[in-house]
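Everything on this sheet refers to the single structure shown next.
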Amino acid sequence: MSEASGSEPGPDLVHGALVSWSRGQQVLHATRESYLDVISGLRDDGYDMCVDLCAVDYLAHPARSLPDGVTAERFEVVVDLLSLQQRKRVRVRVQVSESDPRVVSLFGLYPGTEAMEREAFDLMGVRFDGHPDLSRILMPEDWEGHPLRKDYSVGRVPVQFKAARSTR
Numbered sequence: 002m003s004e005a006s007g008s009e010p011g012p013d014l015v016h017g018a019l020v021s022w023s024r025g026q027q028v029l030h031a032t033r034e035s036y037l038d039v040i041s042g043l044r045d046d047g048y049d050m051c052v053d054l055c056a057v058d059y060l061a062h063p064a065r066s067l068p069d070g071v072t073a074e075r076f077e078v079v080v081d082l083l084s085l086q087q088r089k090r091v092r093v094r095v096q097v098s099e100s101d102p103r104v105v106s107l108f109g110l111y112p113g114t115e116a117m118e119r120e121a122f123d124l125m126g127v128r129f130d131g132h133p134d135l136s137r138i139l140m141p142e143d144w145e146g147h148p149l150r151k152d153y154s155v156g157r158v159p160v161q162f163k164a165a166r167s168t169r
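Under this note's numbering, think of the first position of the sequence shown as 2, with each following residue one higher.
What follows is the structure, given as structure tokens:
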């Protein structure tokens, strides 16, 4: 689906997001500003299930390959949507800056993203504006930092996990 206009062919766009392909799967590159509109449009198109949402830290790969017009940032939020009726998948990638690591929450569109967004916040430090309970989900509440960031110090300190009830 191309939204390009004029006599010269432009880049393929879906709901205003640039399109690329990765291993046979359509990938949309949304901006932070258009992220919610792109996801909402896809939901209206029949992508009724969010099967994954995660954050990626590209600290060691700032010059990675991206389509023309997409500026690489340190973090990226990746969302995989599924249309059960059409039997199709689509991936949405949005670049997130290190200085302001935040995007809009998808909880209002896909309530199942509640835990996924909390995990991305807890482990990578990406904030999801509008999330109903953006608190830690895996690490203790008093944990400092976000352990899956590439610059997180290993430090050889014993890991303290949340208390789990013993079944013995």
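For each residue, glycine too, the CB sits at the ideal point set by N, CA and C.
Counting C-beta pairs closer than 8 Å gives three or more between the segment 125 to 139 and the segment 56 to 76, which meets the contact rule. Shown here, F76 sits in a strand according to DSSP, grouped into three states. Shown here, D130 sits in a strand according to DSSP, grouped into three states. Residues L19, H30, Q96 of the same chain have their beta carbon placed closer than 7 Å to that of V71, with the five preceding and five following residues left out of the count. Per DSSP, reduced to three states, the secondary structure at D45 is helical. Boundaries of the beta strand (DSSP E) around D58: 50 to 58. The shortest C-alpha to C-alpha distance from S23 to any of V78, S84, L85, R92 is the one to R92. The C-alpha of D13 lies about 31 Å from the C-alpha of H132. As computed with DSSP, Q26 is found in a beta bridge with S23. DSSP links L82 through a beta bridge to C51, V91.
For V39, the three-state secondary structure derived from DSSP is helix. Residues of the same chain with a CB within less than 7 Å of the CB of I138, apart from the 5 flanking positions on each side, are A116, R119, E120, D123 in chain order. The DSSP-derived three-state label of R150 is coil.
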